[in-house]
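K.L.:
Just add 2 to the spot in the first sequence (first one is 1) and you have the working numbering.
Let me begin by handing over the structure; questions about it come next.
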Amino acid sequence: MTWTWDDAKVVAHDFETSGTLPEYALQPWRKGVGDFWATSMSVIRHNGAKLEPHGSRLFPQAEHMRTFLEQAIAEDWTVVGWNIVFDISVLCAYGLADLCHQVKWLDGMLLWRHLEVEPEYEFQGAAHKKKSYRLKPGGVERWLPMMAGYNEDVDFHATDEESLAKLQLYNDKDSVCTWIIAKQIWHSLTPQQQACALIEAQSLSMIAETNYLGLPIDGIACSELAARLARTADEKLAILAPHGVTETIIRSPLKLAALLFDDWGLPVLKENTSKKTGKVSRSTDKEVLHELALQDGRCRDLRAYRECLNNRTKFAEGPAVSAAYCGDSRSHPAAIPFGTYSGRLTYGSKQGKAGTKSERPTGFALHQEKRDKEFRRVVTAPPGYTLMEFDASGQEFRWMAIASGDETMLELCLPGEDPHSFMGARVTMQEYHELTNKVQEGDPLAKDARQLGKVANLSLQYRTSARKLRVVARVQYDIPMELPEAQRIHRTYANTYRGVPVYWGRQIALTRRMGYVETLAGRRVQVVGNWDGEWGWSMGSTAINYRIQGTGADQKYLAMAVIKPYLTRIGAKFAWDLHDGVYLWVPDAKVQQAAVDIKFLLDNLPYRQAWGITPPIPLPWDCKAASTWGDLKEWHYT
DNA sequence: CTCCCTTGCGCC
DNA sequence: AAAGGGCGCAAGGGAG
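Shown next, in the form of structure tokens:
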């Protein structure tokens, strides 16, 4: 990276916004029908001596914004803001997305996260207070205490001249603070952290545009799904009602426990103890219901009934309700870059205070959407576009292979190998290549063996216990595993990938010494605290996990940055993210070519140039395409 | 009614 | 003693 902070070329930018209802101020997609607008725009430049407004104004129009963006591009400015994804989505609402993709952006809030993000530990009910990265109160008090307090007495929905003048002044002060704070933080970052922040910054305009555009929701698919789930729920209830089950009971863990353990007389298999109140409750979670179902078939129906009700609200009604609320038959889950401490994106689907009247259903739980076709079909591509997904094949397995240096893992990442069959063969004591052959022939027993290997590979990478493996196998995969077998698989894993437990120990020792963990790209998280205290285990897990998961996040930002110019050229758009997968809307006529070109770009990401390392194994991406999320099919390259 | 806590659970 | 990690959302329930 050759970018350096140049006072003359960094400008700060910020909007204040409003709407026909106060909450519409945060919903730029309502601009089209006149329910949202920018009340003031701030652009702050350094003139060599001091920071001053340059293009700040009340009620800015698209032409004013265009002038600003064109100058930013022509003069190679870097535009810095605080949570600037929002401000970019405002610009998108004014029809300026194409210019936004050409501007260099930077975000002070994200720089702060790079400087000192920390995990939030929770242990038996007690939790850290979540660190805030707000500009104020927060950043200003921390970095610019002499400026603190300017935010008193501001009316964001002002209409009279005096209040509007105040608002503009406030808007400019925000920008000034952002500029000064961002500069300080920038210079506190290591060169590697700076490089990561710059790569990530290149994705901000894509994230902003998709937040503005939203996801097209198929209302009919939603109602069909809701109806199907309602039917199944009714069927289950019909079976269970004679035994005293009602919807109120199934929705209440307390009431359900009374039914199961008092009325039906079933044994209590698991208890929850609140460390805050010390209260003990009898668990009714799906592990418990799975185990109880082995002695009382009604518990299988209970589990199915509860699942139906939950899924209907969350996945059938949720997308439809938000699309109706948003008014454009699109749902607007808000993508939040660096939303997790490990760097991955998170999504928010509500605005306003949760659980209160101010709560607004702007999106749905995109990251939790069930994998079944009939659920994922509710999300479609806009007319004229095809949905394409590119996902990093075996992402965490591959980064673990690289981070640990385990030779077996590394070999299994070479072309033609199948790690799950390999582990399945070890666990079932077969020969690896015999098993892969049988798997390819479709032999069901061989497939089961591979499945077992997959469970082991996916579950045991991060210090999962044999007990937990047993539960995962039984509840999630319906494999009737007992503890001795789980222990044997657990040992087999450690003997197969000997480098992995060594990596665990090495990471913990290194992190204890340094006080932080790094991804392979050099992005950091602070890990400080008492390693022998109640959070010690979690701190160790951060040391192990962050390097893998965080590197995956870096890889995704790098992927987005690399494909961005290509997407712009063919008129494709970033749609959403699922951690190891990037979802795109590609014009129908470009799909064929994009499948080839984008895969080539992704399979050849410039890791060395970007991060200074050369991965010792290939890091391939898989491609899928369809007109809805639920119908995605593997792309066949000829 | 709001606020806060707890339980349970979806995905990667 | 034992303990994968990372999230966000729905819902119940108690306090005030």
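Glycine residues also receive a C-beta, built at the ideal position from the N, C-alpha and C atoms.
These figures come from a predicted structure and were not determined experimentally.
1) In three-state DSSP terms, what is G83?
2) Who are the near neighbours of G480 in its chain, counting only those whose CB is closer than 8 Å to its CB and skipping five residues on each side?
3) May I have the straight-line CA-CA distance separating I251 from K238, to the nearest angstrom?
4) Under 8 Å by Cβ, that's how I've got W623 and F366 pegged, so tell me the actual separation to the nearest angstrom.
5) By alpha-carbon positions, which one of K175, L368 and Q29 ends up nearest to L215?
6) In the DSSP assignment, what residue or residues form a beta bridge with N439?
7) Would the region 514-527 count as touching the region 414-430 if we require 3 or more Cβ pairs under 8 Å?
8) Measure how close the beta-carbons of P321 and I219 come, nearest whole angstrom, since I'm counting them as under 8 Å.
9) Could you tell me whether the region 459-467 touches the region 491-502, using the rule of 3 or more Cβ pairs below 8 Å?
10) According to the neighbour-count rule (16 or more other Cβ atoms, all chains shown, within 10 Å of its Cβ), is R549 buried or exposed?
11) Can you give me the Cβ contacts of Y609 inside the same chain, cut-off strictly under 7 Å, excluding the 5 residues immediately before and after it?
12) Give me the DSSP bridge partner(s) of H48.
13) Classify A223: buried if its beta carbon has 16 or more other beta carbons within 10 angstroms, exposed otherwise.
14) Kindly indicate which three-state DSSP category A577 falls into: helix, strand or coil?
15) Determine, using beta-carbon pairs with one atom in the region 320-336 and one in the region 347-367, whether at least three such pairs fall under 8 Å.
16) Measuring alpha carbon to alpha carbon, tell me which residue in R144, W107, G83 and W637 is nearest E18.
17) Contact between the region 556-572 and the region 590-606: three or more CB pairs below 8 Å?
18) From the DSSP output, read off the bridge partner residues of E520.
19) Where do the N-terminal and C-terminal ends of the beta strand (DSSP E) with N274 fall, by residue?
20) Over what stretch of residues does the beta strand (DSSP E) that includes A337 continue unbroken?
21) Have a look at L93, E376 and E293 and flag the residue whose alpha-carbon is nearest the alpha-carbon of A228.
22) Buried or exposed: Y96, going by 16 or more other Cβ atoms within 10 Å of its Cβ?
23) Looking at the secondary structure, which residues open and close the alpha helix (DSSP H) in which D16 lies?
24) Look at the alpha carbon of Y39 and the alpha carbon of S20, and state the distance between them as a whole number of angstroms.
25) Tell me whether the region 43-59 and the region 186-201 touch, counting them as touching only if at least three CB pairs, one residue from each stretch, are closer than 8 Å.
26) Measure the C-alpha to C-alpha separation of R59 and Q170 and round it to an integer number of angstroms.
27) Distance check for L621 and L412, CA to CA, integer angstroms please.
28) In chain order, what residues of the same chain have a beta carbon less than 6 Å from the beta carbon of K33, not counting five sequence neighbours either side?
29) For D633, which of M390, N173 and L101 has the nearest alpha-carbon?
30) What's the gap between the Cα of T410 and the Cα of R346?
31) Contact between the region 381-388 and the region 438-457: three or more CB pairs below 8 Å?
32) Inspect the beta-carbon positions of A199 and L113 and report whether they are closer than 8 Å.
33) If you count every other CB in all the chains shown that lies within 10 Å of the CB of S360, and 16 or more means buried, which is it?
34) Report the three-state DSSP secondary structure of F366 (helix, strand or coil).
35) What number of angstroms, rounded off, separates the C-alpha of Y585 from the C-alpha of G246?
36) Sort V519, F399, A394 and V87 by Cα distance to N606 and report the nearest one.
P.N.:
Judging by the given coordinates:
1) strand
2) The question names Gly, but residue 480 in the sequence shown is Asp. Nothing listed; no residue qualifies.
3) 14 Å
4) Incorrect: roughly 27 Å between the Cβ atoms, too far for contact.
5) Q29
6) Per DSSP, none; premise fails for N439.
7) no
8) 5 Å
9) yes
10) buried
11) I615, T616 and P617
12) L53
13) buried
14) strand
15) yes
16) G83
17) yes
18) R526
19) E273 to T275
20) A336 to I338
21) E376
22) buried
23) Note, D16: premise wrong, no alpha helix (DSSP H); beta strand (DSSP E) at V12 to G21.
24) The sequence as given places Trp at residue 39; Tyr does not occur at that position. Going by the C-alpha atoms only, they are around 6 Å apart.
25) no
26) 7 Å
27) 11 Å
28) A95
29) M390
30) 28 Å
31) no
32) yes
33) exposed
34) coil
35) 46 Å
36) A394
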